[in-house]
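What follows is a set of notes on a single structure, which appears directly below.
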Amino acid sequence: MMMSPDMYIELIKDKKYAELLPIRDGLIQALREFEEETYDPAQATMHPTPDVKYQVRLQYLSKLCELICDKFNEEFEQW
462 MMMSPDMYIE LIKDKKYAEL LPIRDGLIQA LREFEEETYD PAQATMHPTP
512 DVKYQVRLQY LSKLCELICD KFNEEFEQW
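Just so you know, the working numbering puts the end of the sequence shown at 540, numbered straight through with nothing missing.
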């Protein structure tokens with residue numbers, strides 16, 4: 462069972478900026494792989510809504526990018 466994006470962020474919120482970047486990159490790669498495997502232009506107009514798992518990963522990415530931005534700002538202020 463997949464956890465909610467908020468719970469996912471709660472688990473990784475204490476990581477540093479540099480530790481979050483590989484997580485982001487892995488998530489982006491998983492999204493790209495899904496798109497490459499499933500995208501069929503002929504079917505795109507018939508089934509425009511992505512898979513639920515894909516949508517959840519996009520939500521993870523959205524929340525993760527917010528967290529990365531916050532961490533970057535925190536670390537930048539310390540310089």
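For glycine and all other residues, C-beta sits at the position ideal for the given N, C-alpha and C.
- In this structure the segment 518-537 touches the segment 475-490; the number of beta carbon pairs closer than 8 Å is three or more.
- Put simply, of Leu522, Glu538, Glu536, Gln539 the residue whose alpha carbon is nearest the alpha carbon of Gly487 is Leu522.
- In this structure Ile489 is not in contact with Leu528, their Cβ atoms being roughly 15 Å apart against a cut-off of 8 Å.
- Contact between Asp467 and Lys524 holds: their C-beta atoms lie close to 7 Å from each other, under 8 Å.
- Distance from the CA of Leu492 to the CA of Val513, rounded to the nearest whole angstrom, comes to 12 Å.
- Taken through DSSP and simplified to helix, strand or coil, Asp467 comes out as helix.
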